[in-house]
């Protein structure tokens with residue numbers, strides 16, 4: 034079971050934070066808390082996706098990241114300064130994790146509080162990409178397919194758009 | 034060898050398109066063309082990353098996506114309507130590919146012109162996540178580590194920031 038903590042959201046990053054949440058959901062995390070600036074539109078748009086596409090993904094905002102650090106879980110901070118994913122993923126699979134992603138300017142304390150600082154490559158790229166690849170590895174390269182209580186669902190297809198809907 | 038074509042960029046997606054480019058670079062693509070609205074800031078910020086962190090990643094804008102579809106390459110369009118990555122990745126590994134990502138409202142023609150329409154899960158998430166996981170699979174779950182002509186480089190570390198610089 035994985036929950037995600039997205040640090041230091043800023044309004045200008047609205048779409049990135051939304052992509053983080055949708056990626057967390059699609060790759061099997063149970064929910065995401067974001068800190069920094071509040072933004073009800075993000076919550077609303079992610080909740081709409083869950084309502085339509087199913088599953089139990091929870092999203093909320095918190096003012097205080099320190100309160101949200103879950104000491105009962107193994108805390109995995111994704112950062113390009115961290116140890117290589119491939120060297121550490123075996124220790125993490127199957128465990129109850131809190132995955133922490135920045136936000137710019139992650140406080141020093143996060144590196145210290147984290148049980149693991151993990152890099153998906155040591156190059157600058159994207160918290161969305163890092164989160165996706167981390168969850169993909171955690172799930173043994175499988176994408177979750179069963180989202181309960183869906184109203185809309187896609188069947189994979191070579192050229193067309195195969196969409197099922199129900200009320 | 035993989036090049037990326039990002040369709041229909043809009044100014045409000047500045048950070049998403051930048052993350053697409055940085056992800057393409059960090060995960061080993063040779064370059065990215067984006068269509069839709071022009072945005073010199075994106076080009077500038079990605080070129081600065083390459084100048085500092087190394088490698089030969091090329092980024093440019095094009096007004097006309099149809100001109101940019103490379104018929105000499107296998108065209109792989111990433112879309113949540115497509116066939117499952119796990120069912121098709123073996124056919125694609127080691128080949129010269131153009132990976133196409135939306136943008137909203139991808140024209141019907143893209144689905145038709147693509148040699149493959151591939152989904153990374155059939156749930157809505159993020160073109161950044163889809164691109165990352167596709168390239169990660171293509172590279173056999175390895176992250177490229179050798180970016181030539183770097184001025185700054187990180188050594189993976191458990192708790193600290195290990196940075197090397199050279200002029």
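Chains as they are written, first to last, in the working numbering: chain A, 34 to 200; chain B, 34 to 200.
Even for Gly, the Cβ is constructed at its ideal location relative to N, Cα and C.
Item: Bridge partners - residue 198 of chain A, DSSP secondary structure assignment; Value: A:185
Item: Ranges of the alpha helix (DSSP H) found wholly within the stretch 81-137 of chain B, counting only runs of at least 4; Value: 98-101, 118-125
Item: Exposed unless 16 or more other CB atoms sit within 10 angstroms - verdict on residue 137 of chain B; Value: exposed
Item: At least 3 beta-carbon pairs within less than 8 Å: the stretch 63-70 of chain A vs the stretch 81-98 of chain A; Value: yes
Item: Reference residue 47 of chain A, options A:35, A:79, A:196, closest by Cα; Value: A:79
Item: Spatial neighbours of residue 134 of chain B in its chain, beta-carbon cut-off 6 Å, leaving aside the 5 residues before and after; Value: 39, 111, 160, 164
Item: Within chain A, partners of residue 166 of chain B - CB distance below 7 Å; Value: 165, 166, 169
Item: Cross-chain neighbours of residue 152 of chain B in chain A, by beta carbon under 7 Å; Value: 189
Item: Separation of residue 64 of chain B from residue 58 of chain B, as counted between CA atoms; Value: 7 Å
Item: Chain B contact for residue 55 of chain A (CB, 9 Å cutoff); Value: yes
Item: Reference residue 146 of chain A; option with closest CA among A:168, A:105, A:120, A:177; Value: A:105
Item: Beta-carbon spacing of residue 61 of chain A, residue 130 of chain A below 9 Å; Value: no
Item: Residue 52 of chain B burial status per 10 Å Cβ neighbour count (16 or more: buried); Value: buried
Item: Neighbour flag for residue 35 of chain B against chain A, beta carbons, 9 Å; Value: no
Item: Selection from B:113, B:86, B:43, B:181 that minimises the alpha carbon distance to residue 193 of chain A; Value: B:113
Item: Contact under 9 Å by Cβ, residue 155 of chain B with residue 178 of chain A; Value: yes
Item: Alpha-carbon spacing of residue 144 of chain A relative to residue 150 of chain A, whole angstroms; Value: 7 Å
Item: Bounding residues of the alpha helix (DSSP H) (the contiguous stretch that carries residue 52 of chain B); Value: 47-59
Item: Short CB-CB distance (under 9 Å) between residue 136 of chain B and chain A; Value: no
Item: C-alpha gap between residue 73 of chain A and residue 41 of chain A, whole angstroms; Value: 15 Å
Item: Beta bridge counterpart(s) of residue 42 of chain A as assigned by DSSP; Value: A:69
Item: Beta-bridge partners of residue 36 of chain A, as assigned by DSSP; Value: A:64, A:131
Item: C-beta neighbour in chain B for residue 108 of chain A, strict 9 Å; Value: no
Item: Test: residue 72 of chain B CB closer than 9 Å to a CB of chain A; Value: no
Item: Cβ-based burial, residue 176 of chain B [other Cβ within 10 Å; buried from 16]; Value: buried
Item: Strand pairing of residue 150 of chain A, partner residues [DSSP]; Value: A:110
Item: Contact under 9 Å by Cβ, residue 116 of chain A with residue 191 of chain B; Value: yes
Item: Rounded C-alpha distance that separates residue 128 of chain A from residue 34 of chain A; Value: 7 Å
Item: Beta carbon of residue 166 of chain A nearer than 9 Å to that of residue 132 of chain A; Value: no
Item: Alpha-carbon spacing of residue 189 of chain B relative to residue 197 of chain B, whole angstroms; Value: 11 Å
Item: Under 7 Å by beta carbon: chain A residues contacting residue 46 of chain B; Value: 48
Item: Other residues of its chain near residue 152 of chain B: CB distance less than 7 Å, five sequence neighbours each side excluded; Value: 112, 113, 114, 115, 116, 117, 118
Item: Residue nearest to residue 37 of chain B in terms of C-alpha spacing, selected from B:148, B:102, B:85; Value: B:102
Item: Short CB-CB distance (under 9 Å) between residue 80 of chain B and chain D; Value: The question asks about chain D, but that chain is absent: this structure's protein chains are A and B.
Item: Cα-Cα separation, residue 88 of chain B to residue 77 of chain B; Value: 16 Å
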